[in-house]
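First to last, the sequence lines map onto chains A and B.
Be aware that the first sequence starts at 364, since it is given in my numbering, and climbs by one per residue.
Be aware that the second sequence starts at 859, since it is given in my numbering, and climbs by one per residue.
Let me begin by presenting the structure, written as structure tokens, before commenting on it.
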Amino acid sequence: GAGVSQTPSNKVTEKGKYVELRCDPISGHTALYWYRQSLGQGPEFLIYFQGTGAADDSGLPNDRFFAVRPEGSVSTLKIQRTERGDSAVYLCASSPGPSSNEQFFGPGTRLTVL
Amino acid sequence: DAKTTQPNSMESNEEEPVHLPCNHSTISGTDYIHWYRQLPSQGPEYVIHGLTSNVNNRMASLAIAEDRKSSTLILHRATLRDAAVYYCILRDTGGATNKLIFGTGTLLAVQP
Chain A
364 GAGVSQTPSN
374 KVTEKGKYVE
384 LRCDPISGHT
394 ALYWYRQSLG
404 QGPEFLIYFQ
414 GTGAADDSGL
424 PNDRFFAVRP
434 EGSVSTLKIQ
444 RTERGDSAVY
454 LCASSPGPSS
464 NEQFFGPGTR
474 LTVL
Chain B
859 DAKTTQPNSM
869 ESNEEEPVHL
879 PCNHSTISGT
889 DYIHWYRQLP
899 SQGPEYVIHG
909 LTSNVNNRMA
919 SLAIAEDRKS
929 STLILHRATL
939 RDAAVYYCIL
949 RDTGGATNKL
959 IFGTGTLLAV
969 QP
């Protein structure tokens, strides 16, 4: 079946611009996670949704980062006033529920801020 | 969050077994041990998990020390496709979010 998909696969933007990154989880998965991975590092947790609500946003680095999941399926990660330090691969993962043993990851969106 | 320690890199030959170690001396009673791997230019992929007993699945085996302060991921016959970064992660089952806390992992190189 279809896995987690993320669009775009690559995004190049200029410093100060606004970007949106989209995640389509596996159908029926209620839990959705966003991670960020910098070069040479492991993924870093950003935010977790259970259904439509953000149950844990403790990993968001600052208030320029925001994410929504209005209908409990697709999620959008929004970054305002992008900075060069925001350049990374943004990964989305979903799982059937919050206590599921396995998270299914998408291929990621590579964001480059010039 | 409990931390894990893994070697930065390891090398193996194709068709040979690989033992990837992980130390987690501060593990708590409610922590599960999870392994994920990340192939080049892909998102992480679940490999295996366990609590106390050794576990086997189609991808690998997980050997957990009796005191749970360390574990070893075993790939029985390495293939070129197994070249990846392997992450050992502790997941707190008592937590509310099930988030994964990744370290830097072990980069496994497989030689033909």
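Virtual Cβ for every residue (Gly too), placed ideally from N, Cα, C.
Pick from the options: whose alpha carbon is nearest that of residue i?
i         : options                                       : result
Leu897(B) : Val476(A), Leu477(A), Ser450(A) and Pro470(A) : Pro470(A)
Thr370(A) : Asp449(A), Ser401(A), Leu402(A) and Lys441(A) : Lys441(A)
Ala923(B) : Cys880(B), Leu933(B) and Gly901(B)            : Cys880(B)
Ser457(A) : Leu402(A), Glu377(A), Gln413(A) and Arg444(A) : Gln413(A)
Ile932(B) : Thr951(B), Asn915(B), Lys861(B) and Thr955(B) : Asn915(B)
Thr910(B) : Met917(B), Ser928(B) and Arg895(B)            : Ser928(B)
Glu873(B) : Ala941(B), Leu965(B), Gly908(B) and Thr964(B) : Ala941(B)
His892(B) : Pro970(B), Leu966(B), Val968(B) and Gly961(B) : Gly961(B)
Ser919(B) : Arg926(B), His934(B) and Asp925(B)            : His934(B)
Gln404(A) : Gly416(A), Ser450(A) and Ser436(A)            : Ser450(A)
Ala394(A) : Lys374(A), Ala417(A) and Pro406(A)            : Ala417(A)
Ser372(A) : Gly901(B), Met868(B), Ile885(B) and Gly887(B) : Gly901(B)
Phe467(A) : Thr376(A), Lys378(A), Gly391(A) and Glu377(A) : Gly391(A)
Leu402(A) : Gly460(A), Thr445(A), Val452(A) and Arg432(A) : Val452(A)
Arg432(A) : Lys378(A), Arg447(A), Cys455(A) and Arg444(A) : Cys455(A)
Ile906(B) : Arg926(B), Thr930(B) and Thr888(B)            : Thr930(B)
Ser886(B) : Thr937(B), Pro970(B) and Arg949(B)            : Arg949(B)
Lys374(A) : Glu407(A), Thr445(A) and Asp420(A)            : Thr445(A)
Asn425(A) : Lys380(A), Ser462(A) and Gln443(A)            : Gln443(A)
Ser883(B) : Pro970(B), Ala936(B) and Asp925(B)            : Asp925(B)
Show which residues of chain B have a CB atom less than 7 angstroms away from the CB atom of residue i.
i         : result
Glu465(A) : Tyr904
Tyr405(A) : It is Gly, not Tyr, that sits at residue 405(A) in the sequence shown. Under the 7 angstroms cutoff, chain B gives Tyr945, Phe960, Gly961, Thr962 and Gly963.
Gly471(A) : Gly901
Quick test of your reading: residue i and residue j, contact by CB under 8 angstroms. State the CB separation rounded to the nearest angstrom.
i         : j         : result
Leu474(A) : Val382(A) : 7 angstroms
Lys861(B) : Tyr396(A) : 20 angstroms between Cβ atoms; not a contact.
Tyr904(B) : Ile947(B) : With 8 angstroms as the limit, Tyr904(B) and Ile947(B) do not qualify as a contact, their Cβ atoms being about 10 angstroms apart.
Thr955(B) : Asn866(B) : 28 angstroms between Cβ atoms; not a contact.
Arg385(A) : Thr439(A) : 5 angstroms
Thr376(A) : Val476(A) : 6 angstroms
Thr951(B) : Thr863(B) : Between Thr863(B) and Thr951(B) the Cβ distance is about 21 angstroms, and since that is not below 8 angstroms, they are no contact.
Ser870(B) : Leu966(B) : 7 angstroms
Listing by chain order, which chain B residues have their CB less than 8 angstroms from the CB of residue i?
i         : result
Gly391(A) : Under the 8 angstroms cutoff, chain B gives no residues; its nearest Cβ is about 17 angstroms from Gly391(A).
Pro388(A) : Going along chain B, no residue has its Cβ under 8 angstroms from Pro388(A), so there is no contact; the nearest lies around 12 angstroms.
Would you list the residues sitting across from residue i in a DSSP beta bridge?
i         : result
Leu897(B) : According to DSSP, Leu897(B) bridges with nothing at all.
Gln969(B) : Asn871(B)
His907(B) : His892(B)
Lys441(A) : Glu383(A) and Phe429(A)
Leu474(A) : Lys374(A) and Ala451(A)
Ser462(A) : Its beta-bridge partners do not exist; DSSP assigns none.
Thr863(B) : Asn881(B)
Ser457(A) : Leu395(A) and Phe467(A)
At 9 angstroms on the CB atoms, spell out the chain B contacts of residue i, in chain order.
i         : result
Phe468(A) : Tyr894, Gln896, Gln900, Gly901, Pro902, Glu903 and Tyr904
Leu454(A) : Gly901 and Pro902
Find the residues of chain A that neighbour residue i, judging by a C-beta separation of less than 7 angstroms, and give them in chain order.
i         : result
Lys957(B) : Tyr396, Phe408, Tyr411 and Asp419
Anything in chain A within Cβ reach of residue i, meaning under 9 angstroms, just list it in chain order.
i         : result
His907(B) : Asn464 and Glu465
- Message: In chain order, what are the residue ranges of uninterrupted alpha helix (DSSP H) at least 4 long that sit wholly in the region 365-423 of chain A?
- Response: none
- Message: Just to confirm the assignment: which complete alpha helix (DSSP H) runs, minimum length 4, are found wholly within the region 913-966 of chain B?
- Response: none
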